[in-house]
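Report on the following structure.
2 protein chains.
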Amino acid sequence: MSVFTVQHTDGDARTGVLATAHGDVATPAFMPVATQGSVKSLDPADLRAVDARIVLGNTYHLYLRPGVDIVELHGGLHRFMAWDGPILTDSGGFQGFSLEHLRKIDEDGILFKSHVDGSMHKLTPESAIEHQQRLGADVIMPLDVCVAADADKEAVEAAVEQTNRWAERCKEAHTRKDQLLFGIVQGGLFPGLRQRSAEFLTSLGFPGYSIGGLSVGESKEAMYEGTGAAVSLLPVDAPRYLMGVGSPEDLVECVARGIDMFDCVLPTRIARNGALFSRDGRINIVSAPHRRRDEPLEAGCDCYTCQTFSAAYVHHMFKSGELLAYRLASIHNLRFILRLMDEMRVAIATGTFEEYRTAFHDRFVPPDQRARHEQKTKWLQSQGRPGV
Amino acid sequence: MSVFTVQHTDGDARTGVLATAHGDVATPAFMPVATQGSVKSLDPADLRAVDARIVLGNTYHLYLRPGVDIVELHGGLHRFMAWDGPILTDSGGFQGFSLEHLRKIDEDGILFKSHVDGSMHKLTPESAIEHQQRLGADVIMPLDVCVAADADKEAVEAAVEQTNRWAERCKEAHTRKDQLLFGIVQGGLFPGLRQRSAEFLTSLGFPGYSIGGLSVGESKEAMYEGTGAAVSLLPVDAPRYLMGVGSPEDLVECVARGIDMFDCVLPTRIARNGALFSRDGRINIVSAPHRRRDEPLEAGCDCYTCQTFSAAYVHHMFKSGELLAYRLASIHNLRFILRLMDEMRVAIATGTFEEYRTAFHDRFVPPDQRARHEQKTKWLQSQGRPGV
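Those sequence lines, one after another, are chains A and B.
Just so you know, the first sequence maps onto residues 699 to 1086 in my numbering.
Just so you know, the second sequence maps onto residues 699 to 1086 in my numbering.
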């Protein structure tokens, strides 16, 4: 029995349903990130209210704190964080990439230094699976090696080979059958390497495939192209999860290329800095024009924040350093993203996705602003800040 | 028609109902403090869920930021902060005391320097009333002069005389009849001065009386004695509001002395430091014993936090620096205080308040720990920290 059913297609975009032990997930789906067992500033009721269907937890963080034993004591992550819907955990491998100064990789696994207390820990394919089995998520990831966008071909090739060998060991170690273990395609922007990765993983056979190693510093065009290329190598009847992508424009473009699942901290991270999504682009709520705006942040938005408070109140919460600011902003941005996913599912089901895509981009980043926006985003990224 | 009805008495303690333009308030009542238009980390739905009946806003803070004009643009504080229940605002006078280095007091009013941008502002009895009329709270306060517990008799006498003259000017300036303007009794711990203050204010006639100038550094015994003395000078048919008091033990002792209304930041402030109330005393949730506690913070508590999460999860939120920690802890402490008020109202109505009071103290601070607790609280207060 397949865990994934494609329901509608429109060009390369598609809708589907992923069946998990904690319920079905309508795709394309966006997963809010609960790094340490909490989507920052939000509680499970907030997640239900924005209509989140599945959330992501980080094995690396949960393993270090509170520790897998504490989560297991609660019968797993679902009860620990009081979220009874589907959960996906990553393997911890990505932190081996993003916290690069902390780690050493060899055939056996990743040796890393805890950012919490400086203690040394080893993550192997087998222990990554064991941790995730004990955390009890519905969808889990194998340990993989991720490299930066500017890595040379030899480094990417080594990462692909290592990821492939680890995928085999992970599959072997995975015994808990109520969890879905995905494969992770690597290969950077090298078509041959990405093909080698995809062929090996599909020959092993997984119920779903993640696409890793994108959105790690390359241009948006290269990321979109890499996404499309990776999708074309994967079976049509398995879900495709593009890891770490989640700006509104990227979600639309990658759904167009056949992606079914996404996760990203961007919507909640920029919310905490006062950058809020609207159909007409991003708003800096802290800026002066919002001081007197006795109207919702975004006209027509059905989120709790917009239904309850004025833009002026949210502006005041930020200016006054009130903790409520972070929650109100996070609710709005997540609801914006999840409404976007809803609308894309409807557009795909009704065969109007191309119109939707064009109309979305024309409002969100009008053509005359696009070059400027791209330039600003690149600059911000080069400074290690999320593109705003 | 009186705005306040005493319903039951038990010794000096009593229950009653205060009628306001935004609904009735059952007394004794505790008012959570929404300093800048938000009870820190909570939203109006949270306040309803903990069963808050009335909240307090600070005129000084709201006047400086966002500005009275912005609140007025929203039709007043109720709609601005999306709270449709009763609101009480203070006059800003207390900040003239607590932010002492910022101010200069003369016959006309208080000249103070904004902590936000350093600009100079003058608060007069007339402008304090005007601001509060524009903010639109249901119960408002006159401008008063508050002095520290260790002030000499001349200083206290001057404060009483000034407060009395300002009370007259405030009453004159107050034209908005849907708001209740209380009088504020001063006089520190000097019986004669407190009597002079009470006699003058009651001769002017107010629908309710606040007791100021207590809980400003004196011992608990002196505060209790001063409270009892002030109450005995006030009319039985008017509500008595003890400003700035709100630890569980003080609430019980001051209800016993006939107080009807309280406000205090302590429950939410200490919550954000991880100090949580339980019937058996205060808990430091950040401490190691809570790491593995897969059970609610406090057995039998009906708050959202205790009904949804384990103590171990709340501990983890604090240890990980998650924003959710502040909200979960604030919900618990406020619900604890509001349940305490509920229980006291029932005990008074059923003539069992003395038993309730004894049983509460024996569990919350058992007799053998009382001396140690007092000592620790005094030390913390001497360090400028709330007693824990």
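The C-beta atom is built at its ideal place from N, Cα and C for all residues, glycine as well.
No experiment lies behind these values; they were computed from the predicted model shown.
Q. If you count every other CB in all the chains shown that lies within 10 Å of the CB of A954/A, and 16 or more means buried, which is it?
A. buried
Q. Residue range of the alpha helix (DSSP H) that G1115/B falls in?
A. Absent from the model: residue 1115/B. The displayed extent of chain B is 699 to 1086, so no value can be given.
Q. With burial defined as no fewer than 16 other Cβ atoms inside 10 Å of the residue's Cβ, what is the status of D788/B: buried or exposed?
A. buried
Q: Examine the Cβ distances between the stretch 850 to 863 of chain A and the stretch 888 to 896 of chain A and report whether three or more of them are shorter than 8 Å.
A: yes
Q) Are there 16 or more other CB atoms within 10 angstroms of the CB of K1088/B, so buried, or fewer, so exposed? A) Because residue 1088/B is not part of the residues shown, which for chain B are 699 to 1086, the question remains open.
(Q) Using the three-state DSSP reduction, which class does Q831/B fall into: helix, strand or coil? (A) helix
Q) Under three-state DSSP, which class holds C962/A? A) coil
**Q.** Where C768/B meets chain A, residues with beta-carbon distance less than 8 Å
**A.** The question names Cys, yet the displayed sequence has Ile at residue 768/B. Simply R989, R990, A1010 and H1014.
Q) Who are the neighbours of E1020/A on chain B, taking C-beta pairs under 7 Å? A) Q734, S736 and K738
Q | Under the three-state DSSP convention, the category Q877/A falls into | A | coil
Q) Straight-line CA distance for D744/B to L1021/A? A) 14 Å
Q: Find the nearest neighbour of D935/A within the set E923/A, A927/A, T1050/A and G903/A, judged by alpha-carbon distance.
A: G903/A
Q. When we look at the beta-carbon of H645/B and count the other beta-carbons within 10 Å, is it buried (16 or more) or exposed?
A. Outside the modelled stretch of chain B, which goes from 699 to 1086, sits residue 645/B, for which no answer is possible.
Q) Since S1008/B is in the alpha helix (DSSP H), which residue starts that stretch and which ends it? A) Counting along the chain, S1008/B falls outside any alpha helix (DSSP H), and DSSP gives it neither H nor E.
Q: Give a yes or no on whether the C-beta atoms belonging to G755/B and A732/B are separated by under 8 Å.
A: yes
Q | Contact the stretch 1052 to 1065 of chain B vs the stretch 1001 to 1013 of chain B: 3+ CB pairs below 8 Å | A | no
(Q) So if I threshold CB-CB distances at 7 Å, which residues from the stretch 743 to 764 of chain B count as touching chain A? (A) R763 and P764
Q. Can you tell me the Cα-Cα spacing of S746/B and G1019/A, whole angstroms?
A. Before going on, a small fix: residue 746/B reads as Arg here, not Ser. If you take the alpha carbons of R746/B and G1019/A, they lie about 23 Å apart.
Q.
Residues in the same chain with beta-carbon distance under 8 Å from F1062/B, minus the five sequence neighbours each way, listed in chain order, please.
A. P946, E947, R977, D978 and G979
Q: Determine the direct distance from the alpha carbon of R970/A to that of S700/A, and round the result to whole angstroms.
A: 39 Å
**Q.** R967/B - DSSP class collapsed to helix/strand/coil
**A.** helix
Q. Using a Cβ-Cβ cut-off of 7 Å (strictly less than) and excluding sequence neighbours within five positions of D782/A, which residues of its own chain qualify?
A. H720 and H776
Q) Among V723/A, E1072/A, R1037/A and R989/A, which has the Cα closest to the Cα of H772/B? A) R989/A
Q) Going by DSSP, which residues form a beta bridge with H720/B? A) None, per the DSSP bridge assignment.
Q.
In whole angstroms, give me the CA-to-CA distance for F880/B and I909/B.
A. 10 Å
**Q.** CB contact below 8 Å: D1000/A versus chain B
**A.** no
Q | Close-in-space but distant-in-sequence residues of the same chain around F1034/A (CB under 6 Å, 5 per side omitted) | A | F975
Q: Find the residues of chain B that neighbour A780/A, judging by a C-beta separation of less than 7 Å, and give them in chain order.
A: T1006 and F1007
**Q.** Neighbour-count burial assignment, G956/A, 16 or more Cβ in a 10 Å radius
**A.** buried
Q: Within 10 angstroms of the Cβ of D708/A, are there 16 or more other Cβ atoms? Answer buried if so, exposed if not.
A: buried
Q: Answer with yes or no whether the minimum CB distance from H1088/A to chain B is below 8 Å.
A: The requested residue 1088/A is not part of the displayed model; chain A covers only 699 to 1086.
(Q) Quick check on the DSSP output: the beta strand (DSSP E) that includes M818/B runs from which residue to which? (A) M818 to L821
Q. In this structure, does DSSP put Q705/A in helix, strand or coil?
A. strand
Q. The beta strand (DSSP E) spanning I808/A covers which residue range?
A. G807 to K811
Q. So what does DSSP say about R801/B, is it helix, strand or coil?
A. strand
Q: Show which residues of chain B have a CB atom less than 7 Å away from the CB atom of K1017/A.
A: R763
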